[in-house]
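Numbering (mature numbering (1 follows the signal peptide of the UniProt record, and there is no 0)), first residue to last: -21 to -1, 1 to 92.
Just so you know, even glycine gets a beta-carbon here, dropped at the ideal spot from N, CA and C.
One structure is given below, encoded as structure tokens.
In structure tokens:
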């Protein structure tokens, strides 16, 4: 339940920040893939790097979860205070209780400073 509350809080926070300045040229994504985590959950994992010359205060990466090309859910990951050149390990958890996606698509990369 605690993880559900964290995810819900993150999604609501992002929804309230959506009207702020959005920019994705400051974040580079790499090695994104789905995997099972050591605790038995599924997640999209990979890396995001601050490619700018300044601190990124808040960065969000949003994903659509797909099964046979149909969107069956969404997930998100966020990081704060990324220094120039610093990487963050993305770990966007996937709810597989109802259905398991076979692929994903990055839908947004947001930077809110």
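* Return the bridge partner residues of residue 76 from the DSSP annotation. => DSSP, once it has assigned bridges, lists no residue as partnering residue 76.
* Straight-line gap, residue 76 to residue 59 (C-alpha atoms, nearest Å) -> Rounded to the nearest whole angstrom, the C-alpha separation of residue 76 and residue 59 is 29 Å.
* residue 108 - containing beta strand (DSSP E), residue span -> Given a span of -21 to 92 for the chain in the structure shown, any question on residue 108 remains unanswerable.
* Among 62, 12, 21, the one whose alpha carbon lies nearest that of residue 29 -> 62
* State buried or exposed for residue 80, treating a residue as buried only when at least 16 other CB atoms are found within 10 Å of its CB. => buried
* **Same chain only: Cβ atoms within 7 Å of residue 14, ignoring 5 sequence neighbours per side** => In its chain, beyond the 5 residues on either side, 22, 24 have a beta carbon closer than 7 Å to the beta carbon of residue 14.
* So, using beta-carbon positions, are residue 88 and residue 3 closer together than 8 Å? -> yes
* Would you give the residue range spanned by the beta strand (DSSP E) that residue 95 belongs to? => In the structure as shown, the chain starts at -21 and stops at 92, and residue 95 therefore has no counterpart that could be examined.
* Work out the CA separation of residue 7 and residue 33 for me, nearest whole Å. => 14 Å
* By Cβ distance, which residues of its chain are closer than 7 Å to residue 54, with the 5 residues on each side in sequence left out? -> Within the same chain, 23, 42, 44, 71, 72, 73 come within 7 Å of residue 54 by CB-CB distance, once the 5 residues on both sides are set aside.
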